[in-house]
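Following: one structure in structure tokens, then a few remarks.
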Amino acid sequence: MANIYTLLEKHRLERFYKKFLDLGVKDERDFLDGISDEDLNNIGLSQVEKNRFKTMLDVIKRLGKGDGPLMHAMDVKKSLAGCNLFYSFPKCPEPRELRDLDAAQNTVEDLLLRISYQEEIGNSMGVCLFTAEGMPLTDDPFFNTWSLNDRHIEKWNHLYAIFTPKENLPTRQPTTQAAWDNTGMDTVRCHIMLKGNYEIKVDLESHSVVDLKKGLAHASGIPSNVLHSWDLPVNLNPLKDNGINEDSLVHFFLSSFGQESESCPSFDVFFMADIKPSVQQTPKGMSVFFSTLYSTRMEKQGEGFKNVVAYIRKLTGCHPLAQILHQVMCRNEVGTNVQKIALVEGLYILFRELLPNRSSNSLSDVIIEDCEVFEYSPECWGYLLSQSEVLSHLRAR
Numbered sequence: 003m004a005n006i007y008t009l010l011e012k013h014r015l016e017r018f019y020k021k022f023l024d025l026g027v028k029d030e031r032d033f034l035d036g037i038s039d040e041d042l043n044n045i046g047l048s049q050v051e052k053n054r055f056k057t058m059l060d061v062i063k064r065l066g067k068g069d070g071p072l073m074h075a076m077d078v079k080k081s082l083a084g085c086n087l088f089y090s091f092p093k094c095p096e097p098r099e100l101r102d103l104d105a106a107q108n109t110v111e112d113l114l115l116r117i118s119y120q121e122e123i124g125n126s127m128g129v130c131l132f133t134a135e136g137m138p139l140t141d142d143p144f145f146n147t148w149s150l151n152d153r154h155i156e157k158w159n160h161l162y163a164i165f166t167p168k169e170n171l172p173t174r175q176p177t178t179q180a181a182w183d184n185t186g187m188d189t190v191r192c193h194i195m196l197k198g199n200y201e202i203k204v205d206l207e208s209h210s211v212v213d214l215k216k217g218l219a220h221a222s223g224i225p226s227n228v229l230h231s232w233d234l235p236v237n238l239n240p241l242k243d244n245g246i247n248e249d250s251l252v253h254f255f256l257s258s259f260g261q262e263s264e265s266c267p268s269f270d271v272f273f274m275a276d277i278k279p280s281v282q283q284t285p286k287g288m289s290v291f292f293s294t295l296y297s298t299r300m301e302k303q304g305e306g307f308k309n310v311v312a313y314i315r316k317l318t319g320c321h322p323l324a325q326i327l328h329q330v331m332c333r334n335e336v337g338t339n340v341q342k343i344a345l346v347e348g349l350y351i352l353f354r355e356l357l358p359n360r361s362s363n364s365l366s367d368v369i370i371e372d373c374e375v376f377e378y379s380p381e382c383w384g385y386l387l388s389q390s391e392v393l394s395h396l397r398a399r
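Here is the structure:
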């Protein structure tokens, strides 16, 4: 059974492991003669995953079946390309390890799945990943499909994970490549951010920007819905009317969102109470949390807030929380949606530790229930500000 999981993991199909076992798969040979197209549809494989399954069948046929040549060949290749990573998360002081990853084959999505499985967080929860310094890695679901090599995630890197309800996370939209009739006689050069240049055959008199995107998607293998032009309106006017000729270089960026600004909201949107915390809060608490955060920023923003950020980093060890607070409070820079999640989840854990609860040894008669924590945001911020100021004065002596 372990061989089956390893084989599926190699082809990024491990999430179907139990479903294949339920269909009666006992060894690799069962994939060749025991699984039909109808079975693949019934267990929910997407077209991309069906392509991976077909590739897996080709590997089984080419390298052999059973515990002999196939698994030996896979083990040799994995030993050459093995990549181990470490990750931490709130309330987890010791780093956890992810072993035997293939940096050329495994994607960020695979990391998210492995961490979810390893930490047993359940189907309702998702994972946000950050670098060790606290910078977000999973803002855009399209880039989650890239390999570890493509995302410059290297062997022995230390990552930081934050768990949150899945409804807070953007989902990757299903994509289909539109047919492209490459009959044009004109050549337009296109540059895709992080990917390079492509020459696309078009008819400048009749083809539009939409057609150019279809051609570029066909040439690059990148879905057209994540290709966005820096300088061209998306319309049906001929390319020539949009100022495009054979001397043009059309720039495209990659994003699952319509515009770059959608992944980095305005401050007005950033301070809206639209994130659902892992521990549900009262409507009053959510309103108080964001209004207190906003007023604290308006009163205290600037270089002086660095002492508060340093104090919070020391208390929590949560680098994503410290990073977004530094951006918003010290540099007056808005964060991304994933950073907003880190802010909400990180501050909940911190505030919960500061406030009395049923298991604490506090002498206070007041018991703050878990769902009421954010209602006491002003008191928590007051404590953090005063304590960081005291520590700052002590260090200055």
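Just so you know, we're using the numbering used here here: the sequence shown kicks off at 3 and counts up by one.
All C-beta atoms, glycine included, are put in the ideal place defined by N, C-alpha and C.
- In the displayed model, His328 falls within a helix according to three-state DSSP.
- Contact annotation, Val110 with Leu87: C-beta distance approximately 11 Å; criterion of less than 8 Å not satisfied.
- By the criterion of a C-beta distance shorter than 7 Å, Gly304 is surrounded in its chain by Cys332, once the five residues flanking it on both sides are discounted.
- Boundaries of the alpha helix (DSSP H) harbouring His395: 379-398, taken from the DSSP string.
- Contact between the region 290-299 and the region 219-231 is absent: fewer than three C-beta pairs spanning the two stretches fall below 8 Å.
- Residue environment: Asp39 is assigned as exposed (fewer than 16 neighbouring CB atoms within 10 Å of its CB, all protein chains considered).
- In this structure Pro172 is not in contact with Asn44, their Cβ atoms being roughly 28 Å apart against a cut-off of 8 Å.
- DSSP lists Phe88 as the beta-bridge partner residues of Glu99.
- Using a C-beta cut-off of 8 Å, the region 147-157 makes no contact with the region 345-362, since fewer than three inter-stretch Cβ pairs fall below that distance.
- Val368 has no beta-bridge partner at all, per DSSP.
- Spanning the alpha carbons of Asp183 and Lys203 requires a straight line of approximately 10 Å.
- The DSSP assignment places complete alpha helix (DSSP H) segments of no fewer than 4 residues inside the region 233-284 at 269-272, in order along the chain.
- Note that the C-beta distance between Pro285 and Val346 is not below 8 Å.
- Each residue's CA atom was taken as its position, placing Ser394 and Arg315 some 14 Å apart.
- In terms of Cα proximity to Asp104, the closest of Leu214, Leu150, Ser208, Glu201 is Leu150.
- Counting only the Cα atoms, Phe272 lies some 14 Å from Met300.
- For Ala163, the uninterrupted beta strand (DSSP E) segment begins and ends at 160-167.
- Ranked by how close their Cα comes to the Cα of Val330, the residues Thr318, Leu23, Tyr378, Lys302 have Lys302 in first place.
- Taking every protein chain shown into account, the CB of Gln282 has fewer than 16 other CB atoms within 10 angstroms, so this residue is exposed.
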